[in-house]
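>
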Amino acid sequence: MSKDRSDFFDRVYEVVALIPSGKVTTYGHIAQHLGLKSAARTVGWALNGAAASGLPCHRVVNRFGALSGRLKFGNPFAMEDQLRNEGVAFLDDGTVDMALHLWDPDEAVGRKPTSSS
DNA sequence: CACCTGACAAATT
DNA sequence: TAATTTGCCAGGT
-7 MSKDRSDFFD RVYEVVALIP SGKVTTYGHI AQHLGLKSAA RTVGWALNGA AASGLPCHRV
53 VNRFGALSGR LKFGNPFAME DQLRNEGVAF LDDGTVDMAL HLWDPDEAVG RKPTSSS
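Under our numbering, the residue at position 105 of the first sequence is numbered 97, and the numbers go up by one with no gaps.
Next up, the structure:
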């Protein structure tokens, strides 16, 4: 349908909104699910406004599991606190344990967009 | 109208 | 093995 705005952003919002509690995903995985594995940068840019959109963008971290956008939550501790509140384990580096909480959209959706366009 | 920046990631030299 | 460069989309200057 009319996607003359930013179908890319909309898709990012959809995927981020699907992230289950206690799980986290990376910008690259979202981008890859959208078909643009290299557009991880654009995904981060999309989340730039997602924090105000009510999306669980706190469940999105970079490929290292580091809370790259925690400064966008108003309180840099809000993101970490939120994830810990959901049962996410943090490493000594202050990063999320990707080995336990990595959530793949491609796998969760079954490699198929549920957007039922 | 053209160039630069931005919550990243992967490939190449 | 490490450092550098490119790719991606949108928005701001």
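Idealized CB from N, CA, C, for every residue including glycine.
This one's a predicted model, so the numbers in the text were calculated from it and none came from an experiment.
For residue 72, which residues from the same chain have a beta carbon less than 8 Å from its beta carbon, with the 5 sequence-adjacent residues on both sides left out?
Within the same chain, residue 72 has close Cβ partners 59, 62, 82 and 86.
> Could you compute how far the alpha carbon of residue 9 sits from the alpha carbon of residue 47?
Whole-angstrom Cα-Cα distance: 6 Å.
> Does the beta-carbon distance from residue 20 to residue 32 come in below 8 Å?
Yes, the pair counts as a contact, with Cβ atoms nearer than the cut-off.
> Can you tell me whether residue 51 is buried or exposed? The criterion is at least 16 other CB atoms within 10 Å of its CB, across all chains shown.
With 16 or more Cβ atoms within 10 Å of its Cβ, residue 51 is classed as buried.
> Drop a sphere of 10 angstroms on the beta-carbon of residue 3, count the other beta-carbons inside from all chains shown, and report buried for 16 or more, exposed for fewer.
Buried, by the Cβ-count rule.
> Please check the pair residue 43 and residue 64, which I expect to be a contact at CB under 8 Å, by giving their CB distance rounded to whole angstroms.
Going by Cβ atoms, the distance from residue 43 to residue 64 rounds to 5 Å, so yes, they are a contact pair.
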